[in-house]
Amino acid sequence: RKAAAAAAVARKAVEAVEAAAKRKNQAAEEAVEKARRQAEQEVQRKAQQEQKAQQRQAAALATDEAALAKMSKKDVVELIRTAASLESDFLTVNARVMMSPASTKEQVDALFRQVKAGA
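With full-length UniProt numbering, the residue at position 55 of the sequence shown is 55, and numbering never jumps.
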């Protein structure tokens, strides 16, 4: 009788350990799935941001001379920032012209034309 009771207790202990292990595995699988979903969402978000940036750049590069003539110097500088490739050194090299109050709108317009020609 005592052996049967001890065996029953041992069986219950094994079942409890197995149930705990199963819960732990399930929690780990859920954590992995959650991390995978978050990574996928981040990739999608980055892709959307890149697509929007490309659309803004394309729109900026599509600016024609008539629209350029109507824009303020500040607006043209923003247009250059949008249109210039982030990988290029154009913005760094021409920062002085773009930021200087002494620069004329014609100088800034010429910079935009350079960006547009280089794209």
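Cβ atoms here follow ideal geometry from the backbone N, Cα and C, with glycine treated the same way.
Own chain residues within Cβ distance below 8 Å of residue i, not counting five before or after
i, result
"L61", "A83, V115, K116, A119"
"F112", "T63, L68, V76, L79, I80, A83"
"A102", "none"
Whole-angstrom distance between residue j and residue i, CA atom to CA atom
i, j, result
"N25", "K46", "32 Å"
"residue 120", "V14", "Past the boundaries of the shown model lies residue 120; the chain is included only from 1 to 119, so the question cannot be answered."
"Q51", "A66", "27 Å"
"A28", "Q44", "24 Å"
"E30", "R23", "10 Å"
"R36", "E18", "27 Å"
"R96", "T104", "12 Å"
Neighbourhood of residue i by C-beta distance below 7 Å, restricted to the same chain and skipping five residues each side
i, result
"F90", "A84, V115"
"Q57", "T82, A83"
Beta-carbon proximity list for residue i, same chain, < 6 Å, skipping 5 on both sides
i, result
"N94", "L111"
Reference residue i; option with closest CA among the options
i, options, result
"K73", "Q107, S88, V43", "Q107"
"K70", "Q55, A7, D109", "D109"
Check: residue i C-beta below 8 Å from any heavy atom of the ligand MG
i, result
"G118", "This structure lacks the ligand MG, and indeed carries no ligand of any kind."
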